[in-house]
Amino acid sequence: MAHALDRHLVLTGFMGAGKTTLGREVAGRLDRHFYDVDEELASLTDESIPEMFERYGEDAFRELEAADMGGYLNLADRLVVSLGGGAVETAEVRMRLRDVFTILVEVDVDTAWERVRGGDRPLAQDEASFRALYERRQPLYHGVADAIATDADGIVLAAGGIHLAPEALGRLGELVPSDGPIALVSDAHVAGIHGPAAQVALGDRLVSTHEVPPGESAKSLAVAEDLWRELRLERSGTIVALGGGSTTDVAGFVAASYLRGIAWVAVPTTLVGQIDAAIGGKTAVNLPEGKNLVGVFHWPERVVIDPSLLETLPARERSEGMAEVVKTGLLAGEAPWELPELELVRRCAAFKAAICLRDPRERGVRAILNLGHTFAHALEAASDLAVSHGSAVALGLLAALRLSGHDTSAVEQVLRPERVRVDRDRAWAAMRRDKKSQAGKLRLVLLGADGPEWKVELPDEEVRRALDELIAG
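Next comes the structure, spelled out in structure tokens:
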């Protein structure tokens, strides 16, 4: 697997890379226990690492590292682990790393030396030896690494199986895991713009291409059936979904159900797709009664996010995606809409990836990602999807903030939502059928004084009034 969904997440890298600091932060974001090997060994022996080196020598210390590894990697709870910088020199450690997801925390030798010189690390007392050791270990680090990162967002993205880089589309062939055959799914518009580059990148592995309708019309059982019947992949095959959120939703749903489940890779080409729809393994199609009522959780083996693809995005599509950007900012207590585009995409994608890794099947905290969406889906359903998703989410956020008693200026200034004309009773009926309802009661996501809250119950008349305020006429 190209992600850490069901595996321990292990950080390796040279001394001074910041593995312990970053590991603690990432563990907090993923709600996993953090295990620092050096700290644990020191606590077990009541000796510092320099004292252990002095007493036992480096070879004996490496044996202790390897022996300790067998204990914590057998734990059922998934951990974030920070390895000592020299652990990879032990063959047993390298072998055990095959069963976990290992990220190399990269640091250049000059930065590493500046961070550690003058300290008590036994292998950082002489600069020339330090630099030689750095060069000797680099092949070992790269040999065990499933991914490379330099900061907490990068680690979270890698853990979620997300490769985010400009011009990544040209590397698609090497980024699709395994070596089996590939079927490429996209709509005609996206295929006309990005399809040739994707096909060239996939090379001889590409065995078929498939077209789905544009937008929400792709998310139907009829379109899914067409794909099921067209596909000729074996279980070793992979579906690559190139397009917006609707394309990745239906292609992921087909991958989850074809031959009882095959691998898939998402290549989102819209802002909504790159920061939201393609991340986290939610796949679904719509029914006339509501959005996403038939679906399954099926985590993509990899999500390839190429922000340079947004250069061809029409202004209207970019504006649609900003609703999800604002939603992310409200949940995170930040203002990602003020960042340059590359950082905006990276920050929002990392936020969603962390939440989804914590709660992959939406049994808890992942529900906060539905902020505003209960209202939005009702407006979309009542309009037969004539109201766009971004416009509906903008209105839904407005309603959620009003019910939360929070300032609405960010939504109003960045998104400028306008009331829509839909049948009020039909919208209310769609809202009552929302998939997050329990025992006939609506469960809302709102913002409390200390952050997002989910499964919030309010009187029906109060929620109905908030919905009606979004509807014109």
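Each residue of the sequence shown is one higher than the one before, counting from 312 in the numbering used here.
Idealized CB from N, CA, C, for every residue including glycine.
Computed from a predicted model, the values in this text were never measured in an experiment.
Of the residues the options, the one placed nearest residue i, counting alpha carbons only
i	options	result
residue 300	477, 565, 515 and 522	Past the edges of the chain, shown from 312 to 784, lies residue 300, and the structure says nothing about it.
residue 419	347, 589, 444 and 714	444
residue 401	389, 415 and 374	374
residue 684	727, 463, 738 and 655	738
residue 275	574, 558, 597 and 567	Not covered by the structure: residue 275. The range shown for the chain is 312 to 784.
residue 513	524, 533 and 481	481
residue 655	754, 635 and 561	635
residue 630	612, 652, 641 and 458	652
residue 581	627, 563 and 543	627
residue 381	408, 372 and 566	408
residue 544	411, 516 and 586	516
residue 496	708, 646, 551 and 657	551
residue 555	623, 711 and 519	623
residue 452	492, 473 and 404	404
residue 386	424, 399 and 343	343
residue 774	761, 723, 709 and 732	709
residue 761	726, 723, 717 and 769	717
residue 486	509, 757 and 532	509
residue 657	584, 593, 609 and 696	584
residue 312	766, 625, 489 and 759	489
residue 770	428, 754 and 764	754
residue 346	389, 618, 362 and 720	389
residue 764	720, 727 and 714	714
residue 475	337, 618, 370 and 726	618
residue 317	672, 367 and 649	672
residue 701	711, 722, 633 and 721	633
DSSP three-state assignment for residue i, whether helix, strand or coil
i	result
residue 597	strand
residue 685	helix
residue 511	helix
residue 474	strand
residue 276	Limits of the chain in this structure are 312 at one end and 784 at the other, which puts residue 276 out of reach.
residue 359	coil
residue 719	coil
residue 498	strand
residue 480	helix
residue 733	coil
residue 604	strand
Beta-carbon proximity list for residue i, same chain, < 8 Å, skipping 5 on both sides
i	result
residue 779	735
residue 600	692, 741 and 744
Residue i at chain C interface by Cβ criterion, 7 Å
i	result
residue 395	Of the protein chains in the structure, only one exists, and it is not chain C.
Any non-hydrogen atom of the ligand SAH closer than 6 Å to residue i Cβ
i	result
residue 368	The ligand SAH is absent from the structure shown, which contains no ligand whatsoever.
Span of the alpha helix (DSSP H) around residue i
i	result
residue 344	Counting along the chain, residue 344 falls outside any alpha helix (DSSP H), though it belongs to the beta strand (DSSP E) covering 344-347.
residue 339	330-341
residue 651	Looking at the DSSP string, residue 651 is not in any alpha helix (DSSP H), and its letter there is neither H nor E.
residue 610	Run containing residue 610: none; DSSP gives neither H nor E here.
residue 466	463-470
residue 300	Because residue 300 is not part of the residues shown, which for the chain are 312 to 784, the question remains open.
residue 637	626-643
residue 453	438-455
residue 406	402-407
residue 376	369-383
residue 772	771-779
residue 431	Unbroken run through residue 431: none, as it is neither H nor E.
Beta-carbon contacts of residue i that lie in its chain and below 7 Å, excluding the five residues immediately before and after
i	result
residue 670	676 and 677
residue 730	781, 782 and 783
residue 661	464, 467 and 468
residue 680	663 and 666
Residue interval of the beta strand (DSSP E) (run including residue i)
i	result
residue 521	517-523
residue 766	762-767
residue 323	320-323
residue 759	755-759
residue 413	412-416
residue 392	390-393
residue 460	458-460
Sequence-distant residues of the same chain with beta carbon closer than 6 Å to residue i, five excluded per side
i	result
residue 547	491
residue 414	322, 458, 460, 466 and 469
residue 349	360 and 395
residue 577	552, 559, 589, 611 and 614
Just to confirm the assignment: which complete alpha helix (DSSP H) runs, minimum length 4, are found wholly within the segment 531-599? If we require 4 residues or more, the alpha helix (DSSP H) runs fully inside the segment 531-599 come out as 532-541 and 556-568.
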